[in-house]
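Q:
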Amino acid sequence: MRLGLAVLCIMALAASASAAQVCQTQAVFAVAAHGGEFNHPLKEAPPLGVIKAALEKARGELKAGARSIDVVEEIVRTFEDSGAFNAGRGAVADQAGLVETDAAIMDGDGQRAGAVASMTRLKNPIVAARLVMDADRHVLMAGDRGQDYVVKLGAVAVPASYFIYSGKVTRKPVAMHDKHGTVGAVALDRCGHLAAATSTGGYDAKVPGRVGDSPLVGDGVYAADGVVALSGTGWGEYYIRYNVSKDVADRMRYGHQTLAAAMKADLFDVLKPLKADGGLIGVDAKGNVAVLYNAVGMLRGYATDREAPVVADYAGPSESAPRGK
Ligand code: ASP
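Here the working numbering = 1-based position in the sequence shown + 3.
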């Protein structure tokens, strides 16, 4: 009996030690975040302060040994709560005036992933995606019954009135391609693990039930240790059809291209000729960061162990100081 108790105590201690895992095996770390690309000049002051504050916090946490998966979730959750972006509280409404959100998170450590799509009641879709990943049974939960499942896992449900654009279709539902945007984060931690997270309300006045690229692994989100972590924003249908984030990863993994070269190839050689606007943020296994877009601008920023956070909307910083391939 006593022996049994002692074994249980040791197991509990071991479990809590691994939950509080501190990453300090390497000095190098990096983090990047985006608040969506845009194809028309901005009418309002962009929330660059929110991005900068999130990066500052993330930088301190990564330096202290936080896991990249926790950092990307926290950044995206903060953006969802801010109401300043098309995600979470600020998600745009569909043709029927309902907010439907999509999100995904991916841990490069073991390529584990969790995602939710067409969620109408979730305060934080990215937290729900993480719960799906950690439940370790399925990857993507969709629609009302998927939503019931993630609420059972612990995701917080809110009334429709929580969402700023609930009931407000800001544009005539003619074609999909006006008010949009997405948030995302990528990080490399001091264990060398990569992670990515993406969350969106999709397109304003989208057809109810439409799902974009954001919750789809290999399209709007991707992370594989030793290679890259990526989060996308842009015309989701093209990101799905051309598997944009997996394509970038393949260019790096099999074509041995640098992160920036691989991202440029997809944004400018694949998407641009199709008139598909888009942006990507990424960090590679060495801690190189790139934040690039083929549109008018993209709300974005990054920080590394060597560089304090920088943020931009139009022209501005797009790559961290190179560390090599
Ligand atoms: N990619 C998102 C979607 O298609 C929208 C965006 O990033 O602007 O749902």
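For each residue, glycine too, the CB sits at the ideal point set by N, CA and C. Since we're looking at a predicted model, the values are computed, not measured.
(1) Which one of Trp238, Asp250 and Tyr317 has the shortest CA to CA distance from Leu277?
(2) Find the nearest neighbour of Gly63 within the set Gly282, Val74 and Ile54, judged by alpha-carbon distance.
(3) For ligand 1, is there a heavy atom less than 7 Å away from the beta-carbon of Ser248?
(4) Just checking Gly91 against ligand 1 - is the residue's beta carbon closer than 7 Å to any of the ligand's heavy atoms?
(5) With a threshold of 16 other CB atoms inside 10 Å of the CB of Gly2, please say whether the residue is buried or exposed.
(6) Counting C-beta neighbours from all protein chains within 10 Å, is the total for Val314 16 or more, i.e. buried, or is it exposed?
(7) Quick one, are the C-beta atoms of Ala298 and Asn42 less than 8 Å apart?
(8) Name the one or two DSSP bridge partners that Ser234 has.
(9) In whole angstroms, give me the CA-to-CA distance for Met179 and Ala208.
(10) Note down the Cα distance separating Ala118 from Gly281, rounded to an integer number of angstroms.
(11) Counting along the chain, where does the beta strand (DSSP E) carrying Ile108 start and finish?
(12) Is Thr236 near ligand 2, in the sense that its beta carbon is under 7 Å from a heavy atom of that ligand?
(13) Taking DSSP's pairing of strands, which residues face Met255 in a bridge?
(14) Where does the unbroken alpha helix (DSSP H) through Val74 begin, and where does it stop?
(15) Would Ala200 and Gly187 qualify as a contact pair, given that the criterion is a beta-carbon distance under 8 Å?
(16) Could you give the first and the last residue of the continuous alpha helix (DSSP H) run that contains Leu58?
(17) Please list, in chain order, all residues of the same chain as Lys175 whose beta carbon is under 8 Å from its beta carbon, the five residues on each side excluded.
(18) Using DSSP with H/G/I as helix, E/B as strand and the rest coil, what is Gly100?
(19) Is the beta carbon of Val79 sitting closer than 8 Å to the one on Ser169?
A: Taking the definition as stated:
(1) Trp238
(2) Val74
(3) no
(4) no
(5) Nothing can be reported for residue 2, as the shown portion of the chain is limited to 4 through 328.
(6) buried
(7) yes
(8) Val224 and Ile284
(9) Any reading at Met179 must be qualified, since the residue scores a pLDDT of 37, below 50, and its modelled position is unreliable; no value is offered.
(10) 21 Å
(11) Thr104 to Asp110
(12) Questions concerning ligand 2 fall outside what the structure shown contains, since the ligands it does hold are ligand 1.
(13) DSSP, once it has assigned bridges, lists no residue as partnering Met255.
(14) Ser71 to Ser85
(15) yes
(16) Leu51 to Ala67
(17) Because the pLDDT at Lys175 is just 49, under 50, the model does not fix this residue reliably, and the value given afterwards should be weighed accordingly. Ala208, listed in sequence order.
(18) coil
(19) no
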